[in-house]
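**Student:** Chains as they are written, first to last, in my numbering: chain A, 241 to 687; chain B, -11 to 998. From the three backbone atoms N, C-alpha and C, an ideal C-beta is built for every residue, glycine too. Quick caveat: nothing in here was measured; it's all calculated off a predicted structure. Before I ask anything, here is the structure I am working with.
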């Protein structure tokens, strides 16, 4: 009996000591209740938002590749094995396309991180508060802008107060799904209003310098794109002018210097850092070849594109030919190179186009701006007509992810589909329609 | 007279003395003259008894005329009257389950006859020497209701085990594995850690299937429990066993692809068809430039390397090159066991060396074990069971990687294997990166060391009460060493790629319990267990990877010119449990068992941490009742029923209830980003199971068996439910629904022929299982899973992972378009307009196995057929390999039957290069997966005793054995036992994607005992 008591007491000691051992905390993650409690954490979350925005499904290549594949128009061919980009290239996109889903989800993830930061902005030290808030507003506005261009009818298609844009969410997700998330899609107009509101608010408080983080110049540059989409040429011109005059950036002396850099080039307004340690450049992944550490040359450049250039155009020389005599874009040749989101050259072309359309000379004449771009490419001056400027833009910004958006705003066509065709709009991912409890409407042509 | 009386008395006493004190010696052997150890030898009607030693010998005090009873597990009982002082006995093997067989239950053992729950026992000796690497593969087809499916033919990788169906959507559906009382870890950096266990050391597998058997393991037991008991030593002379075997491995089947002539013909046809759709006539030289035909022919030229495709100079069978034509398995096992009354030991050393059927795939396992038990005093014993294993695996990439050997089948038959310099062709000559180069220039060597062991002490207060304390560890240490040279797909463009990953798993566990057993008034049998256990799992990972290697010879990261990254992480979980069980038996007829367990788990939030898991079961041994007792035909009949509640807290992460933000990096600076939506209400999945069973035996149990019916309802299923993406998250882990499994299990063991020299017995098991999701959540009835290649969906009223999506309607006879049924039954050629239907179910309806064993003198023959019925398989790679030449991948031979001209009726749409004609996920790529397989066949010859005596051996046998020898199926893929590894999960079942066929093995072996 004595032994029984001894053993029993040993067991009871064991038991009492163990209950506390059930309190185990994660070591690779922080509980959400602890994140928005300090200045440092919120700044870390901002860095996290930049990282998420730079992922391969968004600015790290996803946005750009969708644009180029939709706007291929026979100038490029998708030859890779992935069905998802192939469907986009063929304009026969299935609503369960996982790339289409990935971009959508990740875009809203960035938006939610930004919403969290904005909601807790008062915890940030006063001195940095505006800069942090400005950057969060910038990223949110940029994400809505990139998403609305791909997942909704273009602004140029008109009916902006009836055509559907995106579900606009500006409150952070906490404690799960709320009615806040089950809202119908806003109209195109309302979505653009939100984008312009975010970017305008950001512009006045963000400050900073151009580079891998957003600055006033970056906000202006994106705003100029937004206004260009809405055909508000005066505002687009003024924002571009602001960038050219006040960013402190200059064009590289040689076109090739603007690409394949391991640091921001002098003309990068907003650029993603890509190194062997961090960052993604999915333009390299799909456009370059095995020899340079990419996939197997999934996107090929066709002769019809090369035929667009004058023979002595430096930008034509920049293409290279692989071992199978297939032409490749030199812009995305090397691995682990910084990826420009917006560069200064575009601002000259935007200012030139708007000035030409409006018959103004804000900042410079269209001729002067066009010449800046052409002379760097080793070309003679030419008439600064709107058509010529737009043509120059197509060459200068080729394969940088602007193609379909320019086609749409200029009311062109791609691969036989008119600028406002259903086929040139990505579907709302099937998963989202299913998860929305009937609130989220599918895009026309995909119902 | 006095003298006479005295001498009479003396002689009488002497006689009496000699009658009582005479020592009887002998040896017990089986029909094949093999010694049988541990046979119980008892003088009938007395307390005198002993057991045979490992060489089958015994010694007992038994006088003339006494009856000695010999009995042993797995053998018939024999009663012999003593004549003389030596008595050798041969026992007949009984393949029927002995009702006195001891069954291992949680925290104790029980006699089979007294069970009220359902436990399937597989003896270690039944699977001894099977040339497979994972113990579950050895168990396949041997236990009713235990479904085993190896993902593919890769060694040491995933094996799915489902006991009575799948009970969970997201949490683990795998059983709990307990080795000598210690639950072991099933985590690893790569591969399947169950492959670390040498099952030749195993005495028995006891599979706890119903809730009353498993509930003592509470929250760990919802998917059943596999109790693994290793061999222990027995008192007596030390005996040695040596087993050596060698065999060859080959794939169960080749699939077959187009030959060069067919490839060229069909590819050109596809290109011309695409041209015609675009109004181009490629036969017109003016229209040829820019045509699909030109594109295709340029590709053919590229793919042909040095040869000329127009002359068909090359016809490479790439499929054959995926396989290693010298794959072999060799094994050597040595063990010794023995001991004294106080000390008993079992030691073993084992080595298995297997080269897989796939190039680059191998597994080498060396393991050692010591099991030792010491009686310190009459009341106190201590001991330990300890094993150390080294497993070295040469891995191949997942099925979805370009570099995995099986994807070599995509390459064109017009491509020569080697260029004129003897180098293996690679991209761009090959259609894709050639996996053969990844094999020659790459490696993925995984080395793991595993130490599973426990120490125990047991104190017997008296004959009815003891206390036992066990402390166990499972220590895993794994290193994954990878290197890929500059010509491989991983190392391309970066001058090689190397990665070193380290994994450590440390599980410790303690069980402390009292066990009480008493018989009162000869009619009340009572036994009870009360105790606690605590378990802590900790896993940590570290890895580093780099590029830019100066030469292919230098493969360690010390030589990497660019360290690209590295990481380390750690995670832990813990369980604290209290358990109790009471068994009561009245008059050997009525059985009652109650058990309960309280579990606390760290994986749930503070408020939801503890759960209570009770069970109750009862049995009635009808054959003990007077009205049946004297039946000549019926020898045993027991009715039993049970109900229990078990839980599940495994398999969905250790911190699923929390809202989490994880670390990220941008511009060389750390950041925080959202990673998981919180759910503080997350709680246990609970599984309610009712089981009704009948155990029977006829004709002295020559015919015996079990029939069970069960209904298992799992509630509060844990699932990552999709949430609107605009939340910034894609899903949330919630307790969302309910699922039901119900089915019958049927076991029949018969001794068909029992003659002196010839015996034939049969063991049959059959099980049905019907799985059904009964609730998802209030609103959702359907979580569709069509991702373009697969269609595993969750639908209320249907089984988990049914294929739900477009139904293929064949090729349009008019124009060769792929057609699909719309919801209204009409057909369309627009995939987006296609309706959605349930077009297949990856869960089998029936599974079963039948073993026949014959023995004639020293020859033994046994074979096991195993079958799976009523399930479908979806080929996710159909869109590449059976794709009407959508691209340049070589095609399966069924594509020859394509639509060619109006009026053709076929299921293969018109060939169209680049047009994706019918390649999206649909019923086109679904087939029936039924199969019957000769899983195991063994023929053995046991040497006769006179030969053995001359050789001074106790036993010797030579045998021929094999696995997966024959497969009967209509599935047109490689192998119907398949679930492609890269996506295998609870929901994602029945998928095929370049998955290697299973391994067929034929071995010869020699087993010697001395």
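Give the straight-line distance between the Cα atoms of residue 342 of chain A and residue 674 of chain A, rounded to the nearest whole angstrom.
**Tutor:** Taking the CA atoms as reference points, residue 342 of chain A sits about 16 Å from residue 674 of chain A.
**Student:** Taking buried to mean at least 16 other C-beta atoms within 10 Å of its own C-beta, is residue 364 of chain B buried or exposed?
**Tutor:** exposed
**Student:** What number of angstroms, rounded off, separates the C-alpha of residue 926 of chain B from the C-alpha of residue 749 of chain B?
**Tutor:** 15 Å
**Student:** At which residues does the alpha helix (DSSP H) containing residue 999 of chain B begin and terminate?
**Tutor:** Because chain B is modelled from -11 through 998, residue 999 of chain B falls outside the range shown and cannot be assessed.
**Student:** Taking 8 Å as the cut-off, does the stretch 123 to 133 of chain B touch the stretch 825 to 844 of chain B (at least 3 CB pairs, one atom from each stretch)?
**Tutor:** In this structure the stretch 825 to 844 of chain B touches the stretch 123 to 133 of chain B; the number of beta carbon pairs closer than 8 Å is three or more.
**Student:** Does chain A have any CB closer than 9 Å to the CB of residue 84 of chain B?
**Tutor:** Caution applies to residue 84 of chain B, whose pLDDT of 44 falls short of 50 and renders its modelled position unreliable; the value that the coordinates give is listed next. No - not a single Cβ of chain A is within 9 Å of the one on residue 84 of chain B.
**Student:** When you compare each of B/715, B/449, B/195 to residue 367 of chain B by their alpha carbons, which one comes out closest?
**Tutor:** Residue 367 of chain B has its Cα closest to that of B/449, out of B/715, B/449, B/195.
**Student:** Quick check: the Cα distance between residue 761 of chain B and residue 182 of chain B, rounded to an integer number of angstroms?
**Tutor:** Approximately 29 Å between the Cα atoms of the pair.
**Student:** Secondary structure at residue 298 of chain A, three-state DSSP: helix, strand or coil?
**Tutor:** coil
**Student:** Could you name the residues of the same chain whose beta carbon sits closer than 6 Å to that of residue 666 of chain A, not counting the 5 residues immediately before and after it, in chain order?
**Tutor:** Excluding positions up to five away in sequence, the list reads 340, 390, 391.
**Student:** Using a cut-off of 9 Å between C-beta atoms, extract the partners of residue 711 of chain B located in chain A.
**Tutor:** 413, 416, 417, 421, 675
**Student:** Using three-state DSSP, classify residue 272 of chain B as helix, strand or coil.
**Tutor:** coil
**Student:** Check residue 902 of chain B in the structure and name its three-state DSSP category.
**Tutor:** coil
**Student:** Give me, in chain order, the residues of the same chain whose beta-carbon lies closer than 6 Å to that of residue 976 of chain B; leave out the 5 immediate sequence neighbours on both sides.
**Tutor:** Answer for residue 976 of chain B: 780, listed in chain order.
**Student:** Tell me the DSSP secondary structure of residue 24 of chain B in three-state form.
**Tutor:** coil
**Student:** Which two residues bound the contiguous alpha helix (DSSP H) that contains residue 127 of chain B?
**Tutor:** Here the alpha helix (DSSP H) through residue 127 of chain B covers 123 to 127.
**Student:** Can you find the residues in the same chain that come closer than 7 Å, C-beta to C-beta, to residue 40 of chain B, ignoring five residues on each side of it along the sequence?
**Tutor:** 16, 24, 25, 26, 27, 29, 46
**Student:** When you compare each of A/657, A/295, A/326, A/613 to residue 309 of chain A by their alpha carbons, which one comes out closest?
**Tutor:** A/326
**Student:** Mind listing the chain B neighbours of residue 263 of chain A? Cutoff is C-beta to C-beta under 8 Å, in chain order.
**Tutor:** 590
**Student:** Just verifying my parser: in three-state terms, what is the DSSP assignment at residue 305 of chain B?
**Tutor:** coil
**Student:** Could you check how far apart the C-beta atoms of residue 567 of chain B and residue 584 of chain B are, in whole angstroms? I think they sit under 8 Å.
**Tutor:** 7 Å
**Student:** Would residue 538 of chain B pass as an interface residue toward chain A - the criterion being a Cβ-Cβ separation below 9 Å?
**Tutor:** With 9 Å as the cut-off, residue 538 of chain B does not count as an interface residue toward chain A.
**Student:** Closer than 7 Å between beta carbons: that is the criterion. Which residues of the stretch 504 to 534 of chain B meet it against chain C?
**Tutor:** Structure shown: chain C not included; protein chains present are A and B.
**Student:** For chain A, find out if any of its Cβ atoms is closer than 9 Å to the Cβ of residue 405 of chain B; answer yes or no.
**Tutor:** For residue 405 of chain B, no CB of chain A lies under 9 Å from its own CB, so it is not counted at the interface with that chain.
**Student:** Residue 474 of chain A to residue 621 of chain A, Cα distance in whole Å?
**Tutor:** Rounded to the nearest angstrom, the gap between the Cα atoms of residue 474 of chain A and residue 621 of chain A is 25 Å.
**Student:** Could you give the DSSP three-state label for residue 253 of chain B: helix, strand or coil?
**Tutor:** helix
**Student:** Provide the residue(s) that pair with residue 601 of chain B in DSSP beta bridges, ordered along the chain.
**Tutor:** B/585
**Student:** In the structure shown, what three-state DSSP assignment does residue 476 of chain A receive?
**Tutor:** Residue 476 of chain A falls in the helix class under three-state DSSP.
**Student:** Judging by CA-CA distance, which residue of A/388, A/629, A/337, A/432 is the nearest neighbour of residue 614 of chain A?
**Tutor:** The option with the nearest alpha carbon to residue 614 of chain A is A/629.
**Student:** Let's see if you can read the secondary structure: which residues bound the alpha helix (DSSP H) around residue 962 of chain B?
**Tutor:** According to the DSSP assignment, residue 962 of chain B belongs to no alpha helix (DSSP H), since it is labelled neither H nor E.
**Student:** Between the alpha carbons of residue 341 of chain B and residue 382 of chain B, how many angstroms are there, rounded?
**Tutor:** Whole-angstrom Cα-Cα distance: 11 Å.
**Student:** Find the residues of chain A that neighbour residue 552 of chain B, judging by a C-beta separation of less than 8 Å, and give them in chain order.
**Tutor:** Those are 516, 517, listed as they occur along chain A.
**Student:** Do you know offhand how far residue 152 of chain B's Cα is from residue 832 of chain B's?
**Tutor:** Each residue's CA atom was taken as its position, placing residue 152 of chain B and residue 832 of chain B some 11 Å apart.
**Student:** Just to make sure I have the definition right: I need the residues of chain B whose C-beta is within less than 7 Å of the C-beta of residue 439 of chain A. Which are they?
**Tutor:** Result: empty, since nearest Cβ-Cβ is about 20 Å, beyond 7 Å.
**Student:** In whole angstroms, what separates the C-alpha of residue 1000 of chain B from that of residue 763 of chain B?
**Tutor:** The requested residue 1000 of chain B does not occur in the structure, where chain B is confined to residues -11 to 998.
**Student:** For residue 674 of chain B, which of B/638, B/708, B/696 has the nearest alpha-carbon?
**Tutor:** B/638
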